[in-house]
Amino acid sequence: MPRRRAGAAIPEMFRTMLEKPSTRAYPYQKVELPARFRGKLDIDPERCTGCQVCAMVCPAGVITMIDIGTRKVGDKELPVKRPVFELSTCIFCGECVDNCAFKALEMTKQFELATPHKEDLTMRKALTK
Amino acid sequence: MINEILQAIIFPGVLFTIAMGFLFDWLDRKTAARMQGRIGPKITGPSGILQPLADFLKLLFKEEIIPSHADRVIFLFAPALYFLAPLLSMLFIPIIGPTPLAGFEFDLLAILFLLAYAAFVVTILSYSSASSFTTIATGRLVLQYVSYEIPLVLAIITAALYSRSLSVEGIVASQSTLWNILVMPFAFGVYIIALMAELEKPPFDIPSAKTEIVAGWLTEFSGRALSFLKLTKEVGYVFGSALAVSLFLGGGLGPEVAAVPPPVLYFVYFMVKLLLVGFLIFVLKTALARIKIGQATELFWKILTPVSLAQIAFVLVLIQGGVLVAT
Amino acid sequence: MTEDKPPRKEESAGLMKYSAENLVPFGPIHPALKEPEYFKLVLEGEKIVEVIPRIGYVHRGLEKAAESRPWVQNMYMFERTCGICSFVHSLTYGQAVEGLTIYEIPRRAKFIRTIIAELERIHSHLLWVGLMGHWAGFETLFMWVWRDREVVLDLVEAISGNRIHKSMNAFCGVRRDMPEGMEDRIVERMKFLVDRANYYKGIVDTEETMLERTEDIGRVSAETAEKLCAVGPMARYVGLRRDIRLNDPYAAYDEVPFDIVTSKEGDVHALLKLRLDEMIVAANMVSYAVKHLPEGPIRIKIPPVIPAGEHSSHSEAPRGEIFYYVKSSGGRTPDRVKSRQPTMANLPTALEILKGQTIADVPVVLTAIDPCFGCMDRMSFLDIESNRQWTWSGEELRRYGINYYFPERMKMR
């Protein structure tokens, strides 16, 4: 049975005091992110075909498809759709990125998404084209 | 006359004491942070030294909420009464010379009275806000007070007995050859532990245990009252350490250096010892977990009171036997 | 409806016995509770004579929500049941769904699942030890332990891309392979964690003030714990050998050698040591699994429609047994998902322990079960006075509702 004593942590306390602090002064000192880090979603409008798979798999309902025009297939008029992302509800699971067959989606390293305007978090990039 | 008033208000009087309170708060937070592997205050002032002041000012401007069922008169005035206690007591401690600002022949008794007065004010203060948390805190506060009071007074009395004086000035003066701590190390230890209980530092932060009863007796306070109560705790910290320095560590006495004028030297020695005592408490408070109120009472009554009585007996034997007599 | 229906308003009836002065509210907002949950403590001085819980503050309707979402989306929703043991929720839900399909899970995926689950166990146990220090007023232990917890979180982030919500699971596999060249780093970090765990064991064994707060606190007999269906560490600390990893192996637990830790002492101090020991076991398992990671595919892609049937699965979360039941009618969404969390199972034991303790022990004892109220709040019934727990079918619930609001209508029948 080890000896009971008050202040068993004191030696380690002084050792810790001489070491560098393990916390980082975050906003002043950025952290390096691992290669697989999942940050803000980004889309390459050139590659998106509007296939809607991302909207179907998204667990948080981030993605809504909007009609931006029509195209003719045979003798039928089909709507052309593009996604709009409501990033404020994104849960960063990356399922849409995994399921995008055209590699149009990617997760960037950006994670400081706080903003005073909620509209900033609605990504309409794909609509412009 | 003007000089004395300035001394009482600025240095080494009220303003200096408050500044020391802020410094102790900062040191407390910084050392605890470093020992726990954190950075601690960083932004306000160099290494965040102005952080306690910033916190104090911020609280001053916050809204003050008085609970509807609280006793308004006590609730509003008791913080000011409480604030007086350590501030007044500090005037009896010699800081820049062997003579304190307001010392008289029996000022140690005045200090003992002020200690009891502070505990009394804090109790009615706590009771006045009348919420479930403060009610429990009051019970713990009173129980803790009756626990630590006896060993604390016994430890102080030991120093007074040995030095044959009831004034802080006389006790300090008697230590010019031998510091009291060398004669009565156990009294010093008991004093430090009782002091931690008085200041509600871990492991004795029982009346303000934040994970059990929110903020203890501070729960219902906000704004100005809260800022002054917090400041009072810090000033009490300074006063408790200063009293330890005066009673056991020879005040500002130390080897003389020819080039430095005596008041400056006295002040430097005093500050060094004060910070050392403060540091000792920082370390102890960081290293220990909070104990329960029953365990605290047991510790003070069953262990520390007999220890301090034995210390008194030992000192009396020394005096009677003429082995060591204070000058 | 059966005749032995529970009494109405049993909670308020229980309260009438005590005057208001003796009641101390503990929660729903309280510094000792990181999640909202309400406990009415009936006190005699500092001593607790009765605890009346009021659960359901963080009921989020997850089970109902699951019925309207595709199978894959539910995986991520159940992962968010809990902010600490997130992976094991998606794992158990995934296993329950996989039970309905015909596919075999690749062996490499099983190993990766084991690694992540054990990393999560280390992180959860470290979190708990830290909180234990915090609630016993030992801030230094709290800070140190949480500092070392960052080691695990950094590893998890490097493997999965996120610290807490790993999003690693997919049906019949995992979504990401282990990164190249991580093996040495993981083994080295695990060694570091074992060292730290041994150091903390020394601290909780020798530090007087910590011992005074934990020794002889939260004692419960093995019989009571068994009767009240304690799970996980709460069962093991009284000496019951209950661990789903051992009793009913899932993932790669039948291939990774390990032994569960049990204790005989049955107090909070034993729980502290037990969790630190489990952490060491978990660290060794991670090292072993990383070294013996088999080659092969990590995932089989399965169609979004799950065959009809019902299946259940359980696994050992850091806090105890997690249970998931799924029912499918062959569509794109589940018919029913039921989940049972360890906190729910351990709460009766904790309340039993609380009686007779002092108010200073409440945070310590409530923490001892490692409560996760966000996980716990489901549709389930708990009668504290008789320690009876039951569930109702939809029809019974409907009848109870009618009876509650319109008793005269029931009488007419």
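Protein chains in written order, with our numbering: chain W, 16 to 144; chain L, 1156 to 1482; chain V, 33 to 445. Where is the CB? At the ideal position from N, CA and C, for every residue including glycine. Please read these numbers as outputs of a predicted model, since none were measured by experiment.
- The beta carbon of L:ARG1189 falls within 9 Å of a beta carbon belonging to chain W, placing the residue at that interface.
- V:LEU65 and W:ALA24 have their C-alpha atoms some 26 Å from each other.
- Rounded to the nearest whole angstrom, the C-alpha separation of L:MET1190 and L:PHE1341 is 27 Å.
- Relative to L:TYR1346, the option among L:ALA1399, L:PRO1357, L:TYR1300, L:ILE1160 whose CA is nearest is L:ALA1399.
- Unbroken alpha helix (DSSP H) stretches of 4 residues or longer found wholly inside the region 1173-1254 of chain L: 1206-1215, 1227-1245, given in chain order.
- Annotation for L:VAL1308: LEU1267 place their beta carbon closer than 7 Å to its own, counting only its chain and skipping 5 residues before and after.
- DSSP, reduced to helix, strand and coil, places L:PRO1340 within a helical segment of the structure shown.
- W:GLY54 places its beta carbon 9 Å or farther from that of W:PHE100.
- Secondary structure in the region 1327-1392 of chain L: the alpha helix (DSSP H) runs of 4 residues or longer, each lying completely within the stretch, are 1335-1338, 1340-1353, 1365-1368 in chain order.
- Under the Cβ criterion of 9 Å, V:VAL177 is not counted among the residues facing chain W.
- Among the residues facing chain W, V:ASN316 is not included, as its CB has no counterpart in that chain under 9 Å away.
- Secondary structure of V:MET109 (DSSP, three-state): helix.
- Contact annotation, V:GLY169 with L:PRO1357: C-beta distance approximately 5 Å; criterion of less than 8 Å satisfied.
- In this structure, the CA atom of L:LEU1243 is about 44 Å from the CA atom of V:PHE71.
- Residue-level contact by beta carbon fails for W:MET71 and chain L, as no gap is shorter than 9 Å.
- CA-CA distance, V:ARG195 to V:THR133, rounds to 30 Å.
- Within the region 59-99 of chain V, the complete beta strand (DSSP E) segments of 3 residues or longer fall at 70-76, 79-86, listed in chain order.
- The alpha-carbon of L:LEU1429 is positioned some 6 Å away from that of L:SER1396.
- For V:LEU75, the nearest beta carbon of chain W is not closer than 9 Å to its own beta carbon.
- Residue pairing by DSSP places W:MET122 opposite W:LEU56 in a beta bridge.
- In this structure the region 377-394 of chain V lies against the region 250-267 of chain V, because at least three pairs of beta carbons, one per stretch, are closer than 8 Å.
- Of the candidates V:ALA284, V:MET210, V:GLU310, V:GLU310 places its Cα closest to the Cα of V:ALA229.
- Setting aside the 5 residues that flank it on each side, V:ASP393 is surrounded in the same chain by ILE249, each with a C-beta closer than 6 Å to its C-beta; the list follows chain order.
- Assignment of alpha helix (DSSP H) within the region 84-117 of chain W, counting only whole runs of 4 or more residues, yields 110-114 in chain order.
- The beta carbon of W:SER103 does not come within 9 Å of any beta carbon belonging to chain V, so the residue lies off that interface.
- When C-beta distances to chain L are compared with 8 Å, the residues of the region 384-398 of chain V below that value are THR390, ILE391, ALA392, ASP393, VAL394, PRO395, in chain order.
- Following the DSSP letters along the chain, one finds V:ARG101 in no beta strand (DSSP E), marked with neither H nor E.
- By the CB criterion at 9 Å, V:PRO265 and V:ARG372 fall outside the cutoff.
- Between L:TYR1317 and the set L:GLU1159, L:ASN1158, L:ILE1160, L:VAL1472, the nearest pair of CA atoms involves L:VAL1472.
- Within the model, the alpha-carbon separation for L:SER1322 versus L:PHE1434 is close to 26 Å.
- Residue contact with chain L for W:PRO49: absent (no Cβ-Cβ distance below 9 Å to any residue of chain L).
- Take the alpha-carbon of L:THR1452 and the one of W:GLU134: they are about 60 Å apart.
- In chain order, THR365, PRO366, ASP367, ARG368, VAL369 place their CB closer than 8 Å to the CB of V:GLU99, counting only its own chain and leaving out the 5 sequence neighbours on each side.
- In this structure, V:ARG331 sits away from V:ALA190, with a CB-CB distance that is not shorter than 9 Å.
- L:LEU1246 sits buried, since 16 or more C-beta atoms from the chains shown fall within 10 Å of its C-beta.
- With the criterion set as a beta carbon lying under 8 Å from some beta carbon of chain V, the members of the region 1443-1456 of chain L are LEU1443, ALA1444, ARG1445, ILE1446, LYS1447, ILE1448, GLY1449, GLN1450, in sequence order.
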